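Quick notes on the structure that follows.
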Amino acid sequence: MVKIAIAGATGNVAQEVTEALVATGKHKLLLLTRTDTAELSSNNAFPNITWITTDYGDLDGLSETLQGVDTVLSFIVTHSDPGNTAQKNLINASVRAGVKRFAPSEWATSSFEHLPWYAGKAEIREYLAELNKDKKASQLSATHLSQLLMMIWHLGQFTDYLCYPYKSSKHIHPFQTQIDFHARRAIILEDSEDARITWTTAKDLANVVAKAVEHEGEWPVVGGIRGDEVTIGEIIALGEKIRGDPFIVEKLKAEDIKAGIVKSSWLPVVDHPSLSPAAVEAMAKGFLSGMLLGISAGVLKVSNEWNRLLPDYEFTRAEEFLTEVWESKP
Numbered sequence: 621m622v623k624i625a626i627a628g629a630t631g632n633v634a635q636e637v638t639e640a641l642v643a644t645g646k647h648k649l650l651l652l653t654r655t656d657t658a659e660l661s662s663n664n665a666f667p668n669i670t671w672i673t674t675d676y677g678d679l680d681g682l683s684e685t686l687q688g689v690d691t692v693l694s695f696i697v698t699h700s701d702p703g704n705t706a707q708k709n710l711i712n713a714s715v716r717a718g719v720k721r722f723a724p725s726e727w728a729t730s731s732f733e734h735l736p737w738y739a740g741k742a743e744i745r746e747y748l749a750e751l752n753k754d755k756k757a758s759q760l761s762a763t764h765l766s767q768l769l770m771m772i773w774h775l776g777q778f779t780d781y782l783c784y785p786y787k788s789s790k791h792i793h794p795f796q797t798q799i800d801f802h803a804r805r806a807i808i809l810e811d812s813e814d815a816r817i818t819w820t821t822a823k824d825l826a827n828v829v830a831k832a833v834e835h836e837g838e839w840p841v842v843g844g845i846r847g848d849e850v851t852i853g854e855i856i857a858l859g860e861k862i863r864g865d866p867f868i869v870e871k872l873k874a875e876d877i878k879a880g881i882v883k884s885s886w887l888p889v890v891d892h893p894s895l896s897p898a899a900v901e902a903m904a905k906g907f908l909s910g911m912l913l914g915i916s917a918g919v920l921k922v923s924n925e926w927n928r929l930l931p932d933y934e935f936t937r938a939e940e941f942l943t944e945v946w947e948s949k950p
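Using the numbering used here, read the sequence shown as starting at 621 and increasing by one per residue.
See the structure below:
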């Protein structure tokens with residue numbers, strides 16, 4: 621039985637992964653959270669699970685908590701972690717405790733070009749690279765970081781987001797994107813129809829993580845999961861096919877976007893659970909601008925390392941998934 625620690629365990633993606641791991645019946649899970657665990661424990665009575673109220677500022681205590689842990693999966697929300705203090709301490713504590721494998725809080729794009737809200741993720745990549753490069757981990761423990769197998773998980777974008785406002789998974793909170801199946805509309809950059817996006821369902825991500833922790837070989841440093849890869853033009857055409865009506869497509873100029881000018885008639889409402897309503901409103905234009913430029917730069921097109929490592933796993937195609945979800949929806 622592998623012992624796994626999940627940091628930021630109350631997050632929606634973390635909960636999807638936790639339930640997939642529980643379903644295998646093969647692991648002992650430590651669920652780390654900064655909140656009071658009494659109610660969490662009573663409402664999540666799964667076997668082989670221990671909820672732990674965690675002080676990420678206490679390196680010694682965190683190192684003790686992680687003793688005997690094989691794998692740490694981090695889902696700490698980086699924009700809610702000033703200076704990345706919590707996640708850096710989690711990394712350092714993992715080294716001290718002799719953890720074998722560590723996955724930083726990524727679970728998204730292949731790069732962060734034009735996506736300033738992911739600056740914390742970029743900083744953690746640099747921190748891990750520096751630890752390996754300069755062997756600074758030796759200052760923390762006799763166990764060198766090179767013995768801690770790390771993997772950056774990439775999935776592109778959740779296909780589940782195209783189901784907004786309907787939920788297609790138990791825990792993922794869908795939010796409106798610039799491709800809106802519900803309202804039959806889209807906002808894209810001019811000449812970006814051929815830009816490719818990787819779409820991966822929450823269920824596929826969770827299932828692949830559950831298989832990855834049992835993988836006997838070395839984790840790839842970059843672990844891409846490619847559920848399906850569809851161009852912007854193709855996903856809009858699919859939406860029109862499924863919804864039975866043409867989409868109203870607004871095309872913005874890249875030079876306008878780069879100048880801070882957004883000439884769309886509407887803005888996606890990215891009401892993520894980690895964001896306040898005021899923050900959602902304040903970042904609406906910047907989020908749309910970053911996503912449009914980022915998609916054209918290929919940030920949502922990811923590699924397929926885990927597809928190759930798990931050749932027998934059948935990934936969910938976007939058309940199959942979205943047709944089922946939107947069937948009979950108004």
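For glycine and all other residues, C-beta sits at the position ideal for the given N, C-alpha and C. Quantities reported herein were computed from a predicted structural model and do not represent experimental measurements.
Considering only DSSP beta bridges, list what residue i is partnered with.
| i | result |
| --- | --- |
| serine 694 | Ala627 |
| threonine 653 | Thr673 |
| histidine 774 | Ala728, Gly844 |
| leucine 769 | Arg721 |
| arginine 804 | DSSP lists no partner for arginine 804. |
| lysine 646 | Paired residue(s): none; lysine 646 is not in a bridge. |
| isoleucine 862 | None; isoleucine 862 has no bridge partner. |
| isoleucine 799 | Ala806 |
| valine 622 | His647 |
Looking only at its own chain, which residues have a Cβ that is under 8 Å from the Cβ of residue i, when we skip the five neighbours before and after it?
| i | result |
| --- | --- |
| glutamate 934 | none |
| threonine 673 | Thr653, Arg654, Thr655, Asp656, Thr657 |
| glutamate 636 | Ser789, Lys790, His791, Ile792, Ala822, Lys823, Leu825, Ala826 |
| threonine 798 | The question names threonine, but residue 798 in the sequence shown is glutamine. Closer than 8 Å at Cβ, skipping near neighbours: Ala806, Ile807, Ile808, Pro888, Leu908, Met911, Leu912. |
| valine 633 | Phe695, Trp727, His791, Ile792, Ala822, Leu825 |
| glutamine 759 | In this predicted model, glutamine 759 has a pLDDT of only 45, less than 50, meaning its place in the structure is not dependable enough to derive any value. |
| aspartate 876 | Val882, Lys883 |
| methionine 621 | Lys646, His647, Lys648, Asn668 |
| phenylalanine 801 | Leu782, Cys783, Tyr784, Gly859, Ile862, Arg863, Leu942, Trp946 |
| asparagine 927 | Gly844, Ile845, Arg846, Tyr933, Phe935 |
| proline 931 | none |
| alanine 762 | Legend: pLDDT at alanine 762 = 38, less than 50; position of this residue unreliable, value from coordinates given subsequently. Cβ within range, chain order: n/a, list empty. |
Note down, in chain order, each residue of its chain lying with its Cβ closer than 6 Å to the Cβ of residue i, except the 5 sequence neighbours on either side.
| i | result |
| --- | --- |
| phenylalanine 907 | Val890 |
| lysine 921 | Arg816, Thr818 |
| valine 945 | Cys783, Ser788 |
| valine 869 | Ala806 |
| lysine 949 | none |
Under 8 Å by Cβ, that's how I've got residue i and residue j pegged, so tell me the actual separation to the nearest angstrom.
| i | j | result |
| --- | --- | --- |
| aspartate 690 | glycine 681 | Not really, about 20 Å apart at Cβ, beyond 8 Å. |
| lysine 878 | glutamate 810 | Between glutamate 810 and lysine 878 the Cβ distance is about 13 Å, and since that is not below 8 Å, they are no contact. |
| glycine 844 | glutamate 733 | Wrong, their Cβ atoms sit about 17 Å apart, outside the cutoff. |
| leucine 693 | isoleucine 624 | 7 Å |
| alanine 723 | glutamine 687 | Actually they do not touch by this definition, with Cβ atoms about 19 Å apart. |
| lysine 720 | leucine 769 | 6 Å |
| serine 725 | glycine 628 | 7 Å |
| alanine 830 | threonine 644 | 6 Å |
| isoleucine 852 | serine 884 | Contact flag wrong, Cβ pair sits at about 15 Å. |
| serine 923 | histidine 699 | That belief does not hold up - the Cβ atoms of serine 923 and histidine 699 are roughly 25 Å apart, past 8 Å. |
| glycine 631 | valine 697 | 7 Å |
| histidine 577 | phenylalanine 778 | Because the chain is modelled from 621 through 950, residue 577 falls outside the range shown and cannot be assessed. |
Once you ignore the five residues that flank residue i on each side, which residues in its own chain have a CB closer than 7 Å to its CB?
| i | result |
| --- | --- |
| aspartate 992 | The chain is shown from 621 up to 950; residue 992 falls before or after that span and cannot be answered. |
| phenylalanine 867 | Arg804, Arg805, Ala806, Ile856, Gly859, Glu860 |
| lysine 951 | Outside the modelled stretch of the chain, which goes from 621 to 950, sits residue 951, for which no answer is possible. |
| leucine 735 | Thr729, Gly910, Gly914, Val919 |
| proline 583 | Since the displayed the chain opens at 621 and closes at 950, residue 583 lies outside it and no answer follows. |
| serine 731 | Val919 |
| glutamate 838 | Leu769 |
Should residue i be flagged as near chain C, meaning a C-beta pair shorter than 9 Å?
| i | result |
| --- | --- |
| valine 869 | Going by chain labels, chain C is absent from the structure shown, which holds only one protein chain. |
Should the stretch 889 to 906 be called in touch with the stretch 809 to 826, which here means at least 3 C-beta pairs below 8 Å?
no
Would you check if the stretch 857 to 865 and the stretch 825 to 838 touch, i.e. whether three or more CB-CB distances between them fall below 8 Å?
no
Continuous beta strand (DSSP E) assignments of at least 3 residues falling wholly in the stretch 810 to 857:
Here the runs fully enclosed are 816 to 820, 842 to 844, 848 to 851.
Is it the case that the stretch 782 to 793 contacts the stretch 731 to 746, given that we only count it when at least three CB pairs across the two stretches are under 8 Å?
no
Within the chosen definition, does the stretch 937 to 944 reach the stretch 847 to 860 through at least 3 CB pairs nearer than 8 Å?
yes
What are the complete alpha helix (DSSP H) segments, minimum 4 residues, inside the stretch 868 to 905?
874 to 878
Quick check: the stretch 910 to 927 against the stretch 892 to 901, are at least 3 beta-carbon pairs closer than 8 Å?
no
Between the stretch 703 to 712 and the stretch 634 to 650, are three or more C-beta pairs nearer than 8 Å?
no
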